[in-house]
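Engineer: Numbering (the numbering used here), first residue to last: 469 to 1252. Note that CB positions come from ideal geometry on N, CA and C, so glycine has one too. None of these values were measured; they are calculated from a predicted model.
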Amino acid sequence: MALETLAAWLITLGLHAGILLGIAWAADRGALRARPAWRETLWRTALFGAALSASVQMFFDAPSPARIELPAHAVVGQVEASSKVAVADRRASALPSLSAGTQGTLARADVRARSAAPAAGARSAKTAPAWSAWPRLVLAAWLAGALIAMTRVLIAWLRLERMLAHAGLVADAALATDAAALAIEARTNAPRLAALDELASPLAASGGRIVLPRWAVELLDREQLRAMLAHETAHVARRDPAWKLAAAFWSALVWFVPLVPLARRRLDEIAEISCDAWAAIHLGDGRSLAECLAECAGHRVGAIDPGLAPAMAARESPLLQRIDYLIAGAPMNLRSAGFAGSLAAVAALAIAAFALPGVREARATEVPPSPPEPPAAPAAPAPPASPPLPSATHVHMSSSGGSSGERDSTVVQVSDGANRYRVEIDGKIAFNERENDVESLSDGGTARFEETRAGKTLRLDVASRGGKLERRYYIDDKEQPAGAETEAWMAKLIPTVIRESAIGAEARVRRLRDKGGAGAVLDEIARIQSGYARGVYVRELAASGKLSKDEMTRALTLVGAIDSDYEKRNALAALANVQPLDAEQQKLVLTQADSISSDYERAELLVGLLPQLAKSADVRAAWLKASSGIASDYEHRRVLSALLETGVADDATLATVVDAAATIGSDYERRSLLADAAARTSDAEHFAAAYGAAAAKIGSDYERREALMALVRAQGFGKTASRVVLDAAADIGSDYECRELLVALAGRMPHDADLISRYREVAGRLSRNEREEAERAIDRFAAR
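(1) Measure the C-alpha to C-alpha separation of K1165 and S810 and round it to an integer number of angstroms.
(2) Quick one: Cα of Y1159 to Cα of I1132, how far?
(3) Starting from V1057 and walking both ways along the alpha helix (DSSP H), at which residues does that stretch end?
(4) What separation, rounded to the nearest whole angstrom, lies between the Cα atoms of E508 and V728?
(5) Kindly give me the distance between the Cβ atoms of G1167 and D1144, rounded to whole angstroms, as I take these residues to be in contact under 8 Å.
(6) In chain order, what residues of the same chain lie with their CB nearer than 6 Å to the CB of A1010, ignoring the 5 residues before and after it?
(7) Starting from V879, trace the beta strand (DSSP E) both ways and give me its first and last residue.
(8) Quick one: what's I678 bridged to in DSSP?
(9) So what does Y941 bridge to, in DSSP terms?
(10) Assign G1013 to buried or exposed, taking buried as 16 or more other Cβ atoms, counted over all protein chains shown, within 10 Å of its Cβ.
(11) Suppose you measure from the CA of S1235 to the CA of T1188; what does that come to, to the nearest Å?
(12) Report the rounded CA-to-CA distance for L488 versus A514, giving the unit in angstroms.
(13) How about L510 and A492: are their beta carbons less than 8 Å apart?
(14) Please look up how many angstroms separate the CB atoms of R694 and Y1005, rounded, as I've assumed it's under 8 Å.
(15) Under the assumption that K936 contacts G913 (Cβ atoms under 8 Å), give the Cβ distance between them as a whole number of angstroms.
(16) Quick one, are the C-beta atoms of D689 and Y1068 less than 8 Å apart?
(17) Could you tell me the distance, in whole angstroms, from the CA atom of T920 to the CA atom of R976?
(18) Taking C-alpha atoms, which residue in G987, N1038, A1051 and A1152 lies nearest to S1022?
(19) Can you list, in chain order, the residues of its chain with a C-beta nearer than 8 Å to that of T1124? Leave out the 5 residues immediately preceding and following it.
(20) Pull up the distance between the alpha-carbon of E686 and that of A663, whole angstroms please.
(21) May I have the straight-line CA-CA distance separating E666 from R682, to the nearest angstrom?
(22) Measuring straight from C-alpha to C-alpha, what distance separates L1024 and T656?
(23) For E653, I'd like the list of residues in its chain whose CB is within less than 6 Å of its CB, leaving aside the five on either flank, ordered along the chain.
(24) Report the three-state DSSP secondary structure of K1297 (helix, strand or coil).
(25) When we look at the beta-carbon of S1140 and count the other beta-carbons within 10 Å, is it buried (16 or more) or exposed?
(26) Look up V906 in the DSSP assignment and say whether it is helix, strand or coil.
(27) Pick helix, strand or coil for V891, following the three-state DSSP scheme.
(28) Is it the case that the CB of A1099 approaches a heavy atom of the ligand GTP more closely than 7 Å?
(29) Over the uninterrupted beta strand (DSSP E) stretch that includes F917, give me the two end residues.
(30) For G934, which of P949, D911 and E1052 has the nearest alpha-carbon?
(31) Does L1092 come out as helix, strand or coil in the three-state DSSP assignment?
(32) What are the residues that DSSP puts in a beta bridge with G636?
(33) When the Cβ atoms of the stretch 987-996 are set against those of the stretch 946-957, are three or more pairs found closer than 8 Å?
(34) If you drop the 5 nearest sequence neighbours on each side, which residues of the same chain put their C-beta closer than 7 Å to that of A672?
(35) Please identify the residue among E1008, D1050 and S1066 whose C-alpha is closest to the C-alpha of S1032.
(36) For the alpha helix (DSSP H) that contains A898, what are its first and last residues?
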C-alpha cells in the first residue's frame, strides 16, 4: 500500500503543479509585469506550493470535487483457496461490472472469514493483478527521470563549486569599501570578493560570495565596478543563490511537469530585473549598470555559463530588454509583497488543496494518467559578436625568467610611426659605459637588435659562445660584413632603445646625476618620446634626491608630455613626495591634473596632494576646478570628502562642497557628500538653502531623507534650516520616509508658530498611521 500511496501522491503533485503553473503563466501576462515582488511570489508559490497542496489533499484526505481513484486489485471469479484468512485479505474492491450489492456481500464475507479463520477448504475470491503493476510503473518512470535530472544538477553544482574554488581573493581596498557600503544599504553582511578568469559576467555564490570576472576588475572603471557590485549585492541580500539551487533540485524531482523550466526562467528573469532596479535606485542612475551588461555580453562568447549561480548576464537573461530599461530609467515598483503576499499564497494553496483534482489508490479502476514528457530544453540565444581588439601600444616590453634556474628573457618594441625598433634578449646583458655596444652577455645568451627605417631593415645578432661574443650584421636579411657603419648604427640605436624602453633606468639616472647633476637627467628625460619611459625616469629622478626649485618646476613641466594617465599621475605624485611644493608648483601640478582623463587617476592625484595643499585661495580654486572635471560620481564624491577630512571646514569651503554636490548624479554619492559636509559645519544656517537645493534633486526617498536627517543633526541647526527641511520633506513620496524625517525634526527645530504650522501642513498629506505618529511628535514638542 505504501508504493500505491506514493505513486498516487506523485500523480497528484503533477496535476497540482501543472495547474498552478498554468495559472501563474496566465496571471503573469497581465498587470503584474510592473510588480516583480508579486510576480516572484506567484511563481514560487506555483513551483514549490504544489507539494504542500498535494500532501494536504492526500494524507489528510481533504475532500475534492474531482477526485480520481485508482484500484489496487480486481476480483475475477470464485475458486477454492487455502485459507479464509487469505480470502479476507483479498479485498472486495471488485471490477466495475460488479454491482453495489455484490460488493457489499464480499465485504461481509471478509468479516466472517476473519472471525472464523478455518485452516482450509473454504471458498474465496481469487485475485488477478489487473492493476497491481501501475504503482511500480509510475515510481519506476519517476525514479529513472529524477535520477537522470538530479545527476545533471549535482554535476553542474560540483563543477560550479570546483570552478569557484580557483577564484582568487580581490585585494582592492576601494572595491571592498564599495561592497561594504552597498551591503549596508542592502541590510546584509559585507560579501567576500573574489575574481576568476573563466567568467564572462559576475555571479553571486553561496556563503555571501561575489565572484567577479578578472577582465572586469582590470578593465572597468570604478563606477562600472560599483554598479556590478550593487547588482550582485542585491542577489546576496535576496538570497538568490540559495533560491536558484533549491529551484534546480526541486525541478529535478518534478521533471515530468512541462511548465517547470518556464517557472525557473521566469524566476531568474525576475531576480535579474529586481537586482537591476535596486542597483539603479541606489546608484542614482542605471547607465553604468547598462554599460556593465553590455561589457558582459561582449565577453560571454566561449565563457563558462554558471547555470546554478545568479549571473548578471546569463545566456537566458533578456539582456537587451534590461539594458533598454536601465537606459530609459523606467520606474519599477520594488515594494515587497510582504504580509499580503504571504496571505495570498497561503489562501491559494488552501484553495488548491480542496479544489484541484487528485488521485488516490484502491477506489476505482480508472487508469492513472501517465507522467507527461519533460519539455525540450530551450534553445540558447545566439552569442553576441566578439568585441573589437584594442589598438596596438606605442611601447611594448615583456620579460620573464630570472628564478628557478630559468634564463632571463626580454623583448622590447618601440615604434614612433616612421621607425620601428625591436630588441630580443635571451640571458643577462650589459652595455658599455658609452652605450654604443654590448659589453657582456651570459654564456649561451643571445641578443637581436633590429631597426626598420624607410622600408630598410638593419639587424645585429649577438651570441655568447664560451665567454666570447659573436656578432653578425644583416641588411634586409642578407648578412653583411661589420665595419664602421655598423658601429655608427649601434652607437645610435642602443641609446635610443635603452632610453625609450627604460632598460636599466635606475642605474642610468644615478650615473647621469653623478656626472651632470639633476640637469643632465632632465635633459635625458626631455629626449624620451615614450610616455612609459618618461614616467619611469621621472620617478627615478625623484627617488635620487631633492631638486632645486627650478629643477622641480622643469620636471613638473616635462611630465605634461606623458600620454599615459597612470604614468602621469605616478610621476607627479613621486615629485610631490620628494619635497614640499610651493604654491606655483602646486598650481602647475593641478594644471597637469586637468589633462588626466581617467577619473580614478585624477582622483588619486588630488587626494594625494591634499596633505601639503597650500592655503592660497588660487591653489584651492585650482584644486576644486580639477576635481569638478571628474565625471565619475563616486570619484568626485571621494575627492571632496577627502578635502573635508583634512580638517578644512571653513564656511567658504563647505559652501563650495555643497554646491559641488548638486552636480553629482548618484543619489547615494550625493547624500554621502552632503552628510559629510553637514557633520563638519558649526553653522548649518549658513549653507542650508544650498544644502536643501542639492538634497531636493535626490530621486531616492530614502537617500533624500538620510541627507536631510544629517542636516537636522548638524550644529547650528535653526529656523532657516528647519524651513528648508520642511519644504524638502513635502516632496518625499514615501509616507514612511517623510514621517521618519518629521519625527526627527520635531525634536530639533526651534519653537516657532510658523514652523509648527508648516510641519502640520506637511504631515497632513501622509497616510493615517504615519500622520498620527508625526502629529504626536509635534504635539509633544509644542507642549514643552
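Structural biologist: Taking the definition as stated:
(1) Numbered from its first residue, the sequence shown carries residue 1165 at position 697. Numbered from its first residue, the sequence shown carries residue 810 at position 342. Roughly 36 Å separates the two Cα atoms.
(2) Counting from one through the sequence shown, the residue named residue 1159 turns up at place 691. Counting from one through the sequence shown, the residue named residue 1132 turns up at place 664. Looking at the two C-alpha atoms, the distance is approximately 13 Å.
(3) Translated into the one-based positions of the sequence shown, residue 1057 becomes position 589. Run containing V1057: A1051 to A1061, per the alpha helix (DSSP H) assignment.
(4) Position 40 of the sequence shown, counted from the first residue, corresponds to residue 508. Position 260 of the sequence shown, counted from the first residue, corresponds to residue 728. E508 and V728: Cα-Cα distance of roughly 14 Å.
(5) One-based indexing of the sequence shown puts residue 1167 at position 699. One-based indexing of the sequence shown puts residue 1144 at position 676. Rounded, the Cβ-Cβ distance is 20 Å, inconsistent with contact.
(6) Here residue 1010 refers to the residue found at position 542 when the sequence shown is read from its first residue. Result list for A1010: A1042, L1043 and V1046, in chain order.
(7) For this step, residue 879 is matched to residue 411 along the sequence shown. Where V879 is concerned, the enclosing beta strand (DSSP E) stretches over S877 to S883.
(8) Start at 1 with the first residue of the sequence shown, and residue 678 comes out as number 210. Note: I678 sits in a beta bridge opposite L661 and A672.
(9) Walking along the sequence shown from the start, residue 941 turns up at place 473. Answer is L928 and Q948.
(10) The residue given as residue 1013 occupies position 545 in the sequence shown. Burial call: exposed.
(11) On the sequence shown, residue 1235 is found 767 positions in, with the first residue counted as 1. On the sequence shown, residue 1188 is found 720 positions in, with the first residue counted as 1. The straight-line gap from Cα to Cα measures roughly 27 Å.
(12) Counting from 1 along the sequence shown, the entry for residue 488 is found at position 20. Counting from 1 along the sequence shown, the entry for residue 514 is found at position 46. So the alpha carbons of these two residues sit roughly 5 Å apart.
(13) Indexing the sequence shown from 1 puts residue 510 at position 42. Indexing the sequence shown from 1 puts residue 492 at position 24. Contact flag set, yes.
(14) Within the sequence shown, residue 694 is the residue found at index 226, counting from 1. Within the sequence shown, residue 1005 is the residue found at index 537, counting from 1. Not confirmed; about 35 Å, so no contact.
(15) What you label residue 936 is simply residue 468 of the sequence shown in a count that begins at 1. What you label residue 913 is simply residue 445 of the sequence shown in a count that begins at 1. Rounded, the Cβ-Cβ distance is 12 Å, inconsistent with contact.
(16) On the sequence shown, residue 689 is found 221 positions in, with the first residue counted as 1. On the sequence shown, residue 1068 is found 600 positions in, with the first residue counted as 1. Cβ atoms of D689 and Y1068: closer than 8 Å.
(17) Stepping through the sequence shown from its first residue, residue 920 is reached at position 452. Stepping through the sequence shown from its first residue, residue 976 is reached at position 508. When rounded, the distance between both Cα atoms is 26 Å.
(18) Taking the sequence shown and counting its residues from 1, the one referred to as residue 1022 is at position 554. Going by the sequence as given, residue 1022 is Arg instead of Ser. Out of G987, N1038, A1051 and A1152, G987 has the C-alpha closest to the C-alpha of R1022.
(19) Counted from its first residue, the sequence shown places residue 1124 at position 656. Cβ within range, chain order: L1092.
(20) Residue numbering aside, residue 686 sits at position 218 when the sequence shown is read from its first letter. Residue numbering aside, residue 663 sits at position 195 when the sequence shown is read from its first letter. Roughly 10 Å between the two C-alpha positions.
(21) Position 198 of the sequence shown, counted from the start, is the residue given in the question as residue 666. Position 214 of the sequence shown, counted from the start, is the residue given in the question as residue 682. Rounded to whole angstroms, E666 to R682 spans 8 Å at the Cα level.
(22) On the sequence shown, position 556 is the one that residue 1024 refers to. On the sequence shown, position 188 is the one that residue 656 refers to. Distance between the alpha carbons of L1024 and T656 is about 47 Å.
(23) As a working mapping, residue 653 is identified with position 185 in the sequence shown. The answer, listed in chain order, is H750.
(24) With the chain covering only 469 through 1252, there is no way to say anything about residue 1297.
(25) Start at 1 with the first residue of the sequence shown, and residue 1140 comes out as number 672. Buried.
(26) Within the sequence shown, numbered from 1, the residue matching residue 906 stands at position 438. Correct three-state label for V906: strand.
(27) Position 423 of the sequence shown, counted from the first residue, corresponds to residue 891. V891: strand per DSSP, three-state reduction.
(28) As presented, the structure is devoid of all ligands, the ligand GTP included, so that no description of it is given.
(29) Numbered from its first residue, the sequence shown carries residue 917 at position 449. Its beta strand (DSSP E) spans residues T914 to R921.
(30) Reading the sequence shown from its first residue, position 466 is the one you call residue 934. Here the closest residue by C-alpha is D911.
(31) Numbered from 1 along the sequence shown, position 624 holds the residue referred to as residue 1092. Three-state result, L1092: helix.
(32) Working through the sequence shown from its first residue, we reach residue 636 at position 168. Paired residue(s): A663.
(33) no
(34) The residue given as residue 672 occupies position 204 in the sequence shown. Around A672: I678, E700, H703, V704, D708, P709, A777 and P778.
(35) The residue given as residue 1032 occupies position 564 in the sequence shown. Checking every option, the nearest Cα to that of S1032 belongs to S1066.
(36) Sequence index remark: in the sequence shown, residue 898 carries index 430 (1-based). Here A898 belongs to no alpha helix (DSSP H); instead the beta strand (DSSP E) covers I897 to F899.
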